[in-house]
Each structure stands twice: as structure tokens, then as C-alpha cells.
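Structure, as C-alpha cells:
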Amino acid sequence: MNEDLIVCQDITKRFPLPGGKGEFTAVRGISLLVRGGELLALLGRSGSGKSTLLRIMAGLIPPSAGVVISSGRPLNGPNPDVAMVFQSFALLPWLTVLQNVELGLEARGVGPAEREQRALRMIDLVGLDGFESSYPKELSGGMKQRVGYARALAVEPKVLFMDEPFSALDVLTAENLRGEIDALWNAGSFPSQSILLVTHNIEEAVLLADRVLVLGSNPGHIRGEITIDLPRPHDRKASRFKELVDYLYQVMTNPAADVSFETVHHPVPAVVSPFSKPLPHVRIGGISGLLEILSKKPDESIEIAVLADRLAVSPDDLLAILEAEVSLGFAQTVAGRVALTDVGREFARATILRSKEIFREQLLKCIPIFETMVKTLEACPDGDISAEFFLDLWDEHFPAEEAQRQLATAVDWGRYAELFEYDSVTEQLHLPEPAPVQT
Ligand SMILES: Nc1ncnc2c1ncn2[C@@H]1O[C@H](COP(=O)(O)OP(=O)(O)OP(=O)(O)O)[C@@H](O)[C@H]1O
Ligand SMILES: [Mg+2]
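For the sequence shown, position 347 (counting from the first letter as 1) is numbered 328 according to this note's numbering, and the numbering increases by one without interruption.
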């Protein structure tokens, strides 16, 4: 069962930038294996190219460079070994549960009688017995996701791809479904040989996977691989479980850190322009909110896994806040805990006026684009410039929508720090008016 089912060799994917402005590299130089009998997780932040990679391995889009080999054959179109479960369910509203489940079989040329028989078996397996004639609108989110599983599994794929299958469900439903998948898998009664799970939820990866590949961003690449060396089912209460979760939090909140269990190195090219390093999209309130929580803790630190539970933010949002804190020098992550730095402590306890000052100093010291933006403004005759000028610099590194978001975040942070002002009518950035001189 341990043969290599899917092999990716040096996969790169580039997308054209809108307006013919060159290309955007979504993933670069990715090599990986999906082995028979394993549950492999791809763990990465939003935009690290997880879905792109899945689509390439499923043969839905071709790579720009590199090859995918599935069951020993180079892929050249849709991958017959793979079926996919989507985050968004992707059910056809005008078809019943049974008809939705039969879709994949129909596409693969299975005749009507066998189609119905296999579909009914899968509907039973996922616990939807009795709902065969219901329509998607009559089902809850969790039930819709079950239909998605039944549809994917009915074709008996060698590998089941799951792209963030639990993230659109409420916490309880997600937890139930996760547990059921785990139980089916552990009992050896799962209809596919391997599972490839895409997630940005660290606990989910450690709970379900035998092996976790950690992806980095800009462009998407593999940072390293971690084996979940726990007996199945993975016990959340085991100290090793917590160790692995803590370790992954540390790795995920320090994009530059080495993943030390690493088996393959994929060097990332040196950053050339400061505008190629993305700002995490975090509001000032998120940054100061976390610092406030930390400053109230006796030792000014908290276990990240605990924090994820306590704050009502998604794991991805929490990681973005942590990344912002770390890159601004307000916090550091050590051994799965996040702790205040001296500057962070000062910020948390300062008056509003002083905290703006500290924020300004840290922006100029730690995040090079702010110094570049201020210097550019100072060099302009009237101290103002069209936001478009900076947008073009981000546009060289990101898709248009992400470039806009980068500008919005930079403006949000820069305004708070009173480094510059932004006029949303003229879309001009300008230096702040000098404070009136007291006489
Ligand atoms: N068809 C496309 N055209 C242009 N850019 C694309 C296309 N598909 C993806 N991208 C870009 O490639 C990058 C990786 O996207 P992808 O959806 O693979 O990330 P992801 O890791 O799945 O993120 P998420 O966790 O948000 O689902 C993103 O910057 C995205 O905007
Ligand atoms: Mg995705």
C-alpha cells in the first residue's frame, strides 16, 4: 500500500496579471509525494497556493513548469485517481441528493443501475440514509458537506482531495464530521486509499494527518515536512500532540523560521523590493487587542493554542495578528507561546498619544515600505502623491485585488501612526500637517 500514488516534480504555476502586466507566480518549485495508505495534510496560510496545487494534481489546470505523475503515468488532463471535496459544497440545487451523488459516476460513464446502487451505498456511509430525494436547500451545511463526500467517494478514487472541508461549517458540525472521517479512516473502511487534506487549521492537521507539509507564501513553496508520530486515533490530550501543535504554531507565526524536521530544502529567492513582502491584513484594533490580553497575563505570555480558542477569530486571522505583532517587534513566539517584548509592553500600557508614537517608530524601524513611502512623500514638491504610485509597486508582486488590499492595510497603519494622510476622494497620500506651534 506504500507505493507513490501521486508524484509532483518541481511544479511551478504562474498566472497572468490583469492588464497584460506580466505574470504572478502562485507556487514555485514544489516537489511532493502522496503515498498509498496515508493521510497527508497541506498546511499553509491563505494565498500559499494550496488550492492551486490541488487543482494541478487533480489535473484541472496544467502547471506552468514541472510534471505530475499519477499511478506511474504523467498527467495530461483530469486525474482519474482523484476526487475532490470542496469547502463550498458545490452541489447543484436543482438535483436531489441521490442525483448529486450520481453526478461523478455519470461523468465517468457508469451505467444507471450501478450508478444508483453505488450512490445509495455512499449516502448510507455518510449518514444521509432517508435523504436521497431531498434537495440541497432542505439540508443543513453539515448535511450538504456529507453529500459532497458521498459524491466524491462514490467514484472510488485512489486519493480523496479535501480542500478545507470543515471551514464553512459551524464549530460543532465541523467537529462531528472531522471525528467521523477520522473514525472511518482508522477503521480501515474508507473507500479511498489515501487522503490529501488542505487546511490552515493546525489542530485539524495534527488530529487527522500522518504527515504534514508546511507551505510558505510568496510564492507558495514547501517549507518542510513533519511526521505526526502518534498512534491512531491521535489523542488530543497526549503531551506529544500538544508539542506538535505548539511547534506548528511557532513555525506558522514565523514565516522566516526553519522547519527543522525538514527533509527537502526549497530555497526562496532573496526579497528584492520591500513591496514584495506582504503586510498581514490586520486592523490596529486586532494588534492592540492582543497586546492588551497579554499585558493582563501574570507572565505576559499565553499558549497560542489556548488563544485560538479564547479569541473569537478564525485560526487564519489569529495567525495574521500574530505575524503582525512579531513583525512589528511587539511580541515573540517561544515554545508555542506568544509573549510581550519590552516595546510591546510599553505599547500596551501607553496613552493613546504615546502608543501612536511607538507604533510610528516600529513601523519605520521594522517594516521597510513605510520608510520608503515617507521618503517618497518628502521628495514630492507638495508632500503629496497619488496612491496609484504605490499601488503600481505592489502590482508588480501581487494580483490586482491583493495589491489593493496591501495599499488599504498600509494606509490604515500609516494613518494611525500619523506618518501620512489619505484623501479618499482624490486618492492622494500626503504628509500630515505639522502640529500648530504653541506660542
Ligand atoms: N486563476 C487565478 N488567476 C490569478 N491568480 C490566481 C488564480 N488562482 C489563484 N491565484 C492566486 O494564487 C495565489 C494562491 O492561491 P490559492 O487559492 O492556491 O491559495 P490557498 O493557499 O488555497 O489560499 P486559501 O487558504 O485562501 O484558500 C493567490 O495569491 C491567488 O490570488
Ligand atoms: Mg484555497
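Backbone N, C-alpha and C define an ideal beta-carbon position, used for all residues, glycine too.
- Could you pull out every residue in the same chain whose Cβ sits closer than 7 Å to the Cβ of V392, ignoring the five residues on either side in sequence? Y403
- Query: Taking 6 Å as the line, does the beta carbon of S29 fall inside it for any heavy atom of ligand 2?
  - Reply: no
- Would you kindly work out how many angstroms separate the C-alpha atoms of I104 and Q68, rounded to a whole number? 19 Å
- Item | In DSSP terms, what D365 is bridged to | H411
- Relative to the C-alpha of T180, which residue among F147, I207, S198, S170 is closest? F147
- Message: Suppose contacts are defined by Cβ-Cβ distances below 7 Å. Is Y130 in contact with V152 by that definition?
- Response: no
- Task: Name, in chain order, the residues that DSSP records as bridge partners for H262.
- Result: Answer is none; H262 lacks a bridge partner.
- Message: Taking DSSP's pairing of strands, which residues face I207 in a bridge?
- Response: V193
- Task: Please find out if some non-hydrogen atom of ligand 1 comes closer than 6 Å to the beta-carbon of F112.
- Result: no
- Task: Using DSSP bridges, identify the partner residues of Q313.
- Result: A320
- Query: CB V136 to CB G92, shorter than 7 Å?
  - Reply: no
- Query: Going by other Cβ atoms of all chains shown within 10 Å of its Cβ, with 16 needed for buried, is G30 buried or exposed?
  - Reply: buried
- Message: Please give the ranges of any beta strand (DSSP E) in the stretch 327 to 399, keeping only runs that are unbroken, at least 3 residues long and fully inside the region.
- Response: 365 to 367
- Message: What I want to know is whether the C-beta of F(-4) ends up closer than 6 Å to one or more non-hydrogen atoms of ligand 1.
- Response: yes
- Message: Going by the DSSP bridge assignment, what does S45 pair with across the sheet?
- Response: None; S45 has no bridge partner.
- Could you name the residues of the same chain whose beta carbon sits closer than 7 Å to that of S12, not counting the 5 residues immediately before and after it, in chain order? C(-11), Q(-10), D(-9), V245
- Could you tell me how far apart the beta carbons of P44 and K(-6) are, in whole angstroms, since I believe they sit closer than 8 Å? 6 Å
- Three-state secondary structure assigned by DSSP to K2: coil
- Task: For P380, verify whether its CB is less than 6 Å away from any heavy atom of ligand 1.
- Result: yes
- Item | Among L120, G201, G3, F(-4), nearest to R26 - alpha-carbon criterion | G201
- Secondary structure of R(-5), DSSP reduced to three states: strand
- Let me know the beta strand (DSSP E) ranges lying completely inside the stretch 15 to 99, each 3 residues or longer, listed in chain order. 20 to 24, 46 to 51, 63 to 66
- Between S32 and ligand 2, is the CB less than 6 Å from at least one heavy atom? yes
- Query: Is the beta carbon of F142 sitting closer than 7 Å to the one on M233?
  - Reply: no
- Tell me, to the nearest whole angstrom, how far the beta carbon of G18 is from that of Q174; I am working on the premise that it is less than 8 Å. 6 Å
- Query: What are the residues that DSSP puts in a beta bridge with H202?
  - Reply: G197
- Item | Beta-ladder partner(s) of Y403, from DSSP | L410
- CA-to-CA distance, T390 to E184, given in whole angstroms: 29 Å
- At least 3 beta-carbon pairs within less than 8 Å: the stretch 341 to 355 vs the stretch 255 to 269: yes
- Query: Which same chain residues, not among the five before or five after G122, have their C-beta less than 6 Å away from its C-beta?
  - Reply: L150
- Message: Tell me the DSSP secondary structure of Q174 in three-state form.
- Response: coil
- Nearest-angstrom Cα distance between L271 and L229? 20 Å
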